[in-house]
Amino acid sequence: VDYNPGAPQGQSYFIIDAWPGETIETEVKVSNSGDKDGVAQLYAVDATTGQTSGVVYHQEHVDPEHVGTWVTLDDTEVPLAAGDEHRVTFTLAVPEDARPGHHVGGIVVVPLVLAESTPVAASEDGGSRVEIHFETRMAVAVQVTVPGAKVAEMQITGLEPGGSDGYQTLDIGLQNTGNTMLKPRGEVTVRDDAGIIVQDIAFQLDTFLPDTAIDYAVYMEGEALGVGSYQASVTLYYGDGQGASYTQTFSIDEEHIETVFEGREPLAPPATGSAPTGLISGSVPMSILALIGLGVVLLGTLGVVGRRRFTRRNVAAVARTVQSTARTHDARFVGRWHGQRDGRGGHVVPLKAHAFACRVGCVE
């Protein structure tokens, strides 16, 4: 696989054009940027679209069914002395029945060394301490393009009210039924039962992979939707002037209000006894991620990869504590929370300052 100056993104991850049935051999470079010896584990995974859009990667315990099965690594565990590097050859075998268009997976590297646990100060009443453990995972994307007619097609499959922690949402079902990666943008308009527009929101999605679907949360703004009936119209724009539209009625009941706003006040609660009037209410190339002493860099023949943007408001306090801990180990933190596909949160990882930096998503 050779670098193509006409596709500069190929310096950041593998971009491979291959026919069905074709086998390609290339290599990925793994480097230890830390000051301790260690072992790097490598494995191939499938990629998918994250809940906030953008490319994320499955964890090791999820059996690959797509590009992750096309990749075979010559070495899966690589001993690395401090400052050492090693090139690992891998083979990409495209199935005979692979459809035309884009296919994305990744090669993940995990340092097989545990970071030192750092206890957080005990509470004033003598309560138990908390220990935070760091686990670093890195991924270099493998994008395979199979020649053939490209089809750009998105579908809106439904919507329903959602939210939690005082933030009300409309969760819109979206699916890429084509064979090419897209970055759609859209609008959602909500009207009350009198036909009055109570919310008009524009949104922009990141990369949306083919053959994937998500429930995309659009956060309501201003005054919360009170109990009542509403109509939402969603319009999606993508590709070369293409689009999709969807309209659905839905209701907000007392149970929804209690679930979303339990234990806290919304930004502007719906007025008591009045008609409902309104609403309330995430690539940089892959870095050297250091796990205390052992830092591992994953570099492809064409470069390195992956990104993920996913923030969570409710981890701010933990992030501040972990950031303080990280600074004692000469590490730099990315102040973001990497989310699971099932919405159960994620992990914060330390990044050692370097010319490259990356945020990698993970999904169950």
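Per my numbering, residue 1116 is the first one in the sequence shown, and the count goes up by one each step. Quick reminder that beta carbons are idealized off the backbone N, C-alpha and C, glycines included. Predicted model only: the values in this text are computed from it and were never measured.
Residue i, buried or exposed, once every other Cβ within 10 Å from all chains shown has been counted against 16
{"i": "Q1283", "result": "buried"}
{"i": "T1163", "result": "buried"}
{"i": "G1165", "result": "buried"}
{"i": "D1307", "result": "buried"}
{"i": "D1178", "result": "exposed"}
{"i": "D1161", "result": "buried"}
{"i": "P1485", "result": "This structure does not reach residue 1485, given that the chain is present from 1116 up to 1479, and the question cannot be answered."}
{"i": "A1159", "result": "buried"}
{"i": "S1366", "result": "exposed"}
{"i": "S1360", "result": "exposed"}
{"i": "E1192", "result": "exposed"}
{"i": "A1155", "result": "buried"}
{"i": "E1180", "result": "exposed"}
{"i": "T1251", "result": "buried"}
{"i": "I1311", "result": "exposed"}
{"i": "G1153", "result": "buried"}
{"i": "G1263", "result": "exposed"}
Residues near residue i in its chain [Cβ-Cβ closer than 8 Å; skip 5 each side]
{"i": "P1135", "result": "V1209, P1210, E1211, D1212, A1213, V1261"}
{"i": "E1369", "result": "V1342"}
{"i": "A1133", "result": "I1139, L1207, V1209, V1259, T1260, V1261"}
{"i": "T1362", "result": "Q1346, A1347, S1348, V1349"}
{"i": "L1227", "result": "G1153, V1154, A1155, Q1156, E1192"}
Cut-off 7 Å between Cβ atoms - residues of its own chain near residue i, not counting five sequence neighbours on either side
{"i": "L1297", "result": "A1267, M1269, N1291, F1323, Y1353, G1354"}
{"i": "F1376", "result": "G1281"}
{"i": "Q1357", "result": "A1267"}
{"i": "P1299", "result": "M1269, L1320, F1323, L1351, Y1352, Y1353"}
Residues of its chain near residue i, where Cβ-Cβ distance is below 6 Å and the 5 sequence neighbours each way are ignored
{"i": "V1305", "result": "V1313, Q1314, Y1345, A1347"}
{"i": "Y1331", "result": "I1287, L1289"}
{"i": "E1140", "result": "T1206"}
{"i": "G1273", "result": "G1288"}
{"i": "A1328", "result": "Q1290"}
{"i": "R1202", "result": "E1142, K1144"}
{"i": "H1218", "result": "V1182, V1259"}
{"i": "A1317", "result": "E1302"}
{"i": "D1190", "result": "V1203"}
{"i": "P1194", "result": "V1154"}
Endpoints, the alpha helix (DSSP H) within which residue i is located
{"i": "T1374", "result": "1369–1376"}
Residue i versus residue j: straight-line alpha-carbon distance, rounded
{"i": "L1157", "j": "S1168", "result": "25 Å"}
{"i": "A1197", "j": "M1253", "result": "18 Å"}
{"i": "L1414", "j": "V1225", "result": "With a pLDDT of only 45 at L1414, under 50, the local geometry of the prediction cannot be trusted, and no value is derived from it."}
{"i": "D1321", "j": "V1223", "result": "22 Å"}
{"i": "N1294", "j": "G1216", "result": "5 Å"}
{"i": "V1255", "j": "L1340", "result": "42 Å"}
{"i": "V1170", "j": "G1221", "result": "10 Å"}
{"i": "V1349", "j": "T1374", "result": "25 Å"}
{"i": "T1364", "j": "L1285", "result": "12 Å"}
{"i": "L1188", "j": "V1333", "result": "40 Å"}
{"i": "D1326", "j": "G1278", "result": "26 Å"}
{"i": "W1185", "j": "F1129", "result": "14 Å"}
{"i": "Q1137", "j": "V1257", "result": "For clarity, residue 1137 is Glu in the given sequence; the question names Gln instead. One C-alpha to the other measures close to 15 Å."}
{"i": "K1265", "j": "I1131", "result": "16 Å"}
{"i": "E1338", "j": "H1176", "result": "43 Å"}
{"i": "Y1172", "j": "I1372", "result": "34 Å"}
Residue span of the beta strand (DSSP E) that contains residue i, given as start and end
{"i": "T1260", "result": "1253–1261"}
{"i": "T1204", "result": "1200–1208"}
{"i": "V1333", "result": "1327–1334"}
{"i": "G1220", "result": "1216–1226"}
{"i": "V1537", "result": "Outside the shown range of the chain (1116 to 1479) lies residue 1537, about which nothing can therefore be said."}
{"i": "G1183", "result": "Segment 1182–1185 is the alpha helix (DSSP H) holding G1183; no beta strand (DSSP E) there."}
{"i": "V1349", "result": "1343–1353"}
- [ ] Would you mind listing the alpha helix (DSSP H) stretches within the region 1121–1170 that are 4+ residues and don't spill past its ends, in chain order?
- [x] Listed in chain order, nothing qualifies, since the region 1121–1170 has no complete alpha helix (DSSP H) run of 4 or more residues.
Open item on the list: So within the region 1255–1315, which uninterrupted beta strand (DSSP E) runs reach at least 3 residues, ignoring any that extend past its ends?
Closed with: 1269–1279, 1282–1291, 1300–1307
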